[in-house]
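Asker:
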Amino acid sequence: MLTSKRVCKGLVLSLLAVLVILTTGTAFCKDAKTVAVVPFKMNSPQDLGFLQNGLFSMLSSRLSDPGKVDVLDRETVENALAEAQGSDLTKGDLNEAKARIIGANLGVDFVLFGSLTHFGESVSLDGSMVDVNGQKETLSFFEQSNSMGDVIPLVNSFAGDVNLKMFGRRINNELYAQPVPQEPPAPGGLHNAGGVSVYGGGLMTTRSQGFSTHFKMDDVIRGLSSGDVDKDGTVEVVAATDNQLFMYHFDGQMLVQEGSVELASHIKVVSLDVADINGNGYPEIFVTAMTVHKDTLASSVVEYNGSNYKILLEDQAVYYRVIQNEQHNNVLIGQNRDEDPFSGRIYTMSADGDQYNKVKRLRMPRGTNVLSLAKGPVVQDAWDEYLSINRHHRLVAIDAAGSELWSSTTKYGKSNTVWLMPQNDADASFRDRVYFNPRIIFHAMGDEEKPKAIVVKNSEVGGGMIGRYKRFKEGYIEMMEWNGIAMAPVFQTVPVQGWISDINLVDVDGDQVPELLVSVVGRTKMAILSKDKSTNIISYKLK
Numbered sequence: 047m048l049t050s051k052r053v054c055k056g057l058v059l060s061l062l063a064v065l066v067i068l069t070t071g072t073a074f075c076k077d078a079k080t081v082a083v084v085p086f087k088m089n090s091p092q093d094l095g096f097l098q099n100g101l102f103s104m105l106s107s108r109l110s111d112p113g114k115v116d117v118l119d120r121e122t123v124e125n126a127l128a129e130a131q132g133s134d135l136t137k138g139d140l141n142e143a144k145a146r147i148i149g150a151n152l153g154v155d156f157v158l159f160g161s162l163t164h165f166g167e168s169v170s171l172d173g174s175m176v177d178v179n180g181q182k183e184t185l186s187f188f189e190q191s192n193s194m195g196d197v198i199p200l201v202n203s204f205a206g207d208v209n210l211k212m213f214g215r216r217i218n219n220e221l222y223a224q225p226v227p228q229e230p231p232a233p234g235g236l237h238n239a240g241g242v243s244v245y246g247g248g249l250m251t252t253r254s255q256g257f258s259t260h261f262k263m264d265d266v267i268r269g270l271s272s273g274d275v276d277k278d279g280t281v282e283v284v285a286a287t288d289n290q291l292f293m294y295h296f297d298g299q300m301l302v303q304e305g306s307v308e309l310a311s312h313i314k315v316v317s318l319d320v321a322d323i324n325g326n327g328y329p330e331i332f333v334t335a336m337t338v339h340k341d342t343l344a345s346s347v348v349e350y351n352g353s354n355y356k357i358l359l360e361d362q363a364v365y366y367r368v369i370q371n372e373q374h375n376n377v378l379i380g381q382n383r384d385e386d387p388f389s390g391r392i393y394t395m396s397a398d399g400d401q402y403n404k405v406k407r408l409r410m411p412r413g414t415n416v417l418s419l420a421k422g423p424v425v426q427d428a429w430d431e432y433l434s435i436n437r438h439h440r441l442v443a444i445d446a447a448g449s450e451l452w453s454s455t456t457k458y459g460k461s462n463t464v465w466l467m468p469q470n471d472a473d474a475s476f477r478d479r480v481y482f483n484p485r486i487i488f489h490a491m492g493d494e495e496k497p498k499a500i501v502v503k504n505s506e507v508g509g510g511m512i513g514r515y516k517r518f519k520e521g522y523i524e525m526m527e528w529n530g531i532a533m534a535p536v537f538q539t540v541p542v543q544g545w546i547s548d549i550n551l552v553d554v555d556g557d558q559v560p561e562l563l564v565s566v567v568g569r570t571k572m573a574i575l576s577k578d579k580s581t582n583i584i585s586y587k588l589k
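Residue numbering for the sequence shown follows this note's numbering, starting at 47 and increasing by one per position.
1) So V281 and D111 are in contact, right, with Cβ under 8 Å, and what is the actual spacing, rounded?
2) Mapping DSSP to helix, strand and coil, what is P199?
3) With distances taken Cα to Cα, identify the nearest neighbour of V123 among V275, Q381, N470 and F159.
4) Over the uninterrupted alpha helix (DSSP H) stretch that includes F96, give me the two end residues.
5) Note down, in chain order, each residue of its chain lying with its Cβ closer than 6 Å to the Cβ of K79, except the 5 sequence neighbours on either side.
6) Going by other Cβ atoms of all chains shown within 10 Å of its Cβ, with 16 needed for buried, is Y515 buried or exposed?
7) Grouping DSSP H, G and I as helix and E and B as strand, with all else coil, what is D27?
8) From the DSSP output, read off the bridge partner residues of E189.
9) Is the CB-CB distance between L185 and V208 below 8 Å?
10) Using the rule of at least 16 other Cβ atoms within 10 Å of the residue's Cβ for burial, across every protein chain shown, is D548 buried or exposed?
11) Hey, how far is the Cα of N415 from the Cα of M212?
12) Say whether the stretch 447 to 463 touches the stretch 342 to 355, bearing in mind that this needs 3 or more beta-carbon pairs closer than 8 Å, one atom from each stretch.
13) Provide the residue span of the alpha helix (DSSP H) that contains R146, from first to last.
14) How far does the alpha helix (DSSP H) with E121 in it extend, from its first residue to its last?
15) Write down the C-beta distance between R391 and Q381 rounded to the nearest angstrom, noting that I regard them as a contact closer than 8 Å.
16) Is the CB-CB distance between A335 and V315 below 8 Å?
17) In angstroms, rounded to a whole number, what distance separates the CA positions of G138 and S449?
18) Measuring CA to CA, which of H312, Y328, L318 and N324 is closest to K340?
19) Taking the DSSP output, what are the residues bridged to R367?
20) Go through its chain and collect everything with a Cβ distance to D264's Cβ below 8 Å, but skip five positions before and after it.
21) Should Q290 go down as buried or exposed, given a rule of 16 or more other Cβ atoms within 10 Å for buried?
22) Indicate whether V502 and R479 have their beta-carbon atoms separated by less than 8 Å.
23) Give me the Cα-Cα distance between I487 and E385, rounded to the nearest whole angstrom.
24) Between the Cα of D172 and the Cα atoms of F518, F187 and H489, which residue gives the shortest distance?
25) Taking only runs that begin and end inside the stretch 273 to 310, name each unbroken beta strand (DSSP E) of 3 or more residues, in chain order.
26) Could you check where the beta strand (DSSP E) with M467 kicks off and where it finishes?
27) Within this structure, are the beta carbons of P387 and F482 separated by less than 8 Å?
28) In whole angstroms, what separates the C-alpha of R146 from that of W429?
29) Would you tell me roughly how many angstroms separate the C-alpha atoms of R440 and S389, rounded to the nearest one?
30) To the nearest whole angstrom, what separates the beta carbons of R409 and A443, a pair I think is in contact under 8 Å?
31) Could you give the distance in angstroms between the alpha-carbon of N324 and the alpha-carbon of S396?
32) Can you tell which of H438, L109 and H164 has its C-alpha closest to the C-alpha of R215?
33) From V197 to V157, what does the alpha carbon distance come to, in whole angstroms?
34) Residue range of the beta strand (DSSP E) that W528 falls in?
35) Kindly indicate which residue of D555, L210 and I500 has the alpha-carbon position closest to the one of I435.
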């Protein structure tokens, strides 16, 4: 009997404990504030739907505080907004009074709404945080800038004010970026670029590492690619100078030459790719080239035939680029010759015997050249978008329909490989110069699903103000990803002297993880405006 009483007493105490926990939990839930973030209105001649989505995501994440501040999901908010348009009290553009009514219908404590206005390079952000119960004054915010790149700092500033004045929560803006502590950068090493760091191990290292040097040539390497071109089971690195191809293999950390091909003396190589498009087991070498007059295409296709290298095609009026699809299969892309390298039509291509025929036209924005075109998930997760660098060296995100989603205000790419436009009628001696851009590569590191874009950025002497002839002081590479409103650097290499002509992914050390192979063109240190003299092939470790 005594035992039964003790059991009953224990059960009662246990039930009381559970009730206390439940009651306390309910109290905690009641203390949590709820916020409805209304998608900001976009005032712009451009379609900024991607930016509207990005602003909603950023504001929701910056205001959310588990157990203290809950942010409603977007679908619930948009359903309430749709219903509000059916009432005379709440239809039309949102204001403070309408926000209170909609907030009361949703049962939330606060409603955040606003607009972004974009015209030319100018951008302004106008926001209001409304207390539905009227206990606190509406917090208003208006800021403007001359750069779209300043949107994130503006959002951070607004979110910081809301957190402090509405919720008594002080958050340093740096917490939104969460930079990883670093060691001092080694020369040419990788370092964090101040982007969002939400990664664990298995990515490009967040601590600086120096590069490895594998080869030096007393000439300018225009293109760099790789593949088992002679079908011997070993991956070769193929490098192109103005009119020669050189094949190398890795012997330890050094590149050793094993073959070469002399191309026509009247051409200058622009770019290079290696892929087995005709399916015979021997990867073709696609050489995009122009004549020495720099105004006519003269591209070639080279292939090993079991005993030596044979030129399958030459003097082709096509720009060649091999890109990868979601299945990591190689796809040959071609672009028609035009007076301007950034205006020809772009097609997928397939092999038919020794010929390569157009298959499907790819719609692209004006100012696109295939040599810096890469396919991958840019804004969305699906592999139906593209990234390119246009004729003005702006990085451009392109959707599946060929429309421009976004373009950078910062310049990327650049090289000293130039195309000469037709002579100007007013001045027969003047010919405008158009410069090509290096390739872009999408690559997923470690266990991450969405790849990042690897983009070259070469900096000109004098900021490009010394004339029409490009001379470079340094070059570096940025690893970039979509941050909600723009492509932003996550990691970058420390600048190397000279300029970067090409990049490629190659497994240098046989560990089944590719390294980033880079060709760096330099000149004598005593004459920064002299002609380029040599090229180093280096690599960076990827994790």
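Even glycine gets a Cβ: it sits at the ideal position worked out from N, Cα and C. None of these values were measured; they are calculated from a predicted model.
Answerer: This is what the structure holds:
1) Their Cβ separation, rounded to whole angstroms, is 51 Å, which puts V281 and D111 out of contact at 8 Å.
2) The DSSP-derived three-state label of P199 is helix.
3) Scanning V275, Q381, N470 and F159 for the CA closest to the CA of V123 turns up F159.
4) Where F96 is concerned, the enclosing alpha helix (DSSP H) starts and stops at G95 to L109.
5) Excluding sequence neighbours, K79 sits near V115 and D155.
6) The residue is exposed, with fewer than 16 neighbouring Cβ atoms inside 10 Å.
7) Limits of the chain in this structure are 47 at one end and 589 at the other, which puts residue 27 out of reach.
8) L171.
9) Against a cut-off of 8 Å, the Cβ pair of V208 and L185 comes out as a contact.
10) Counting Cβ neighbours within 10 Å, D548 comes out buried, since at least 16 surround it.
11) The straight-line gap separating the alpha-carbon atoms of N415 and M212 is approximately 50 Å.
12) Short answer: they don't touch.
13) Note, R146: alpha helix (DSSP H), E142 to L152.
14) According to the DSSP assignment, E121 belongs to the alpha helix (DSSP H) that extends over R120 to A130.
15) The pair is a contact, with the Cβ atoms about 7 Å apart (cut-off 8 Å).
16) Yes; because the gap between Cβ atoms is below 8 Å, this pair is in contact.
17) Near 30 Å, if we compare the C-alpha coordinates of S449 and G138.
18) It is H312 whose Cα lies nearest to the Cα of K340.
19) Looking at the DSSP assignment, R367 forms a beta bridge with I379.
20) So the qualifying residues of the chain are K579 and S580.
21) Q290 counts as exposed, since fewer than 16 other C-beta atoms from the protein chains shown sit within 10 angstroms of its C-beta.
22) The answer is no: Cβ separation not under 8 Å.
23) Cα to Cα, I487 sits roughly 27 Å from E385.
24) Nearest option by C-alpha distance: F187.
25) With a minimum length of 3 residues, the continuous beta strand (DSSP E) runs that stay inside the stretch 273 to 310 are 282 to 286, 290 to 297 and 300 to 308.
26) M467: member of the beta strand (DSSP E) spanning V464 to N470, first to last residue.
27) With respect to the 8 Å criterion, P387 and F482 are classified as neighbours on the basis of their beta carbons.
28) If I take the Cα positions, the gap works out to 42 Å.
29) Cα-Cα distance, rounded: 15 Å.
30) 15 Å between Cβ atoms; not a contact.
31) When rounded, the distance between both Cα atoms is 8 Å.
32) Considering only alpha carbons, the answer is L109.
33) Approximately 21 Å between the Cα atoms of the pair.
34) Note, W528: beta strand (DSSP E), F518 to W528.
35) For the residues D555, L210 and I500, the minimum Cα distance to I435 belongs to I500.
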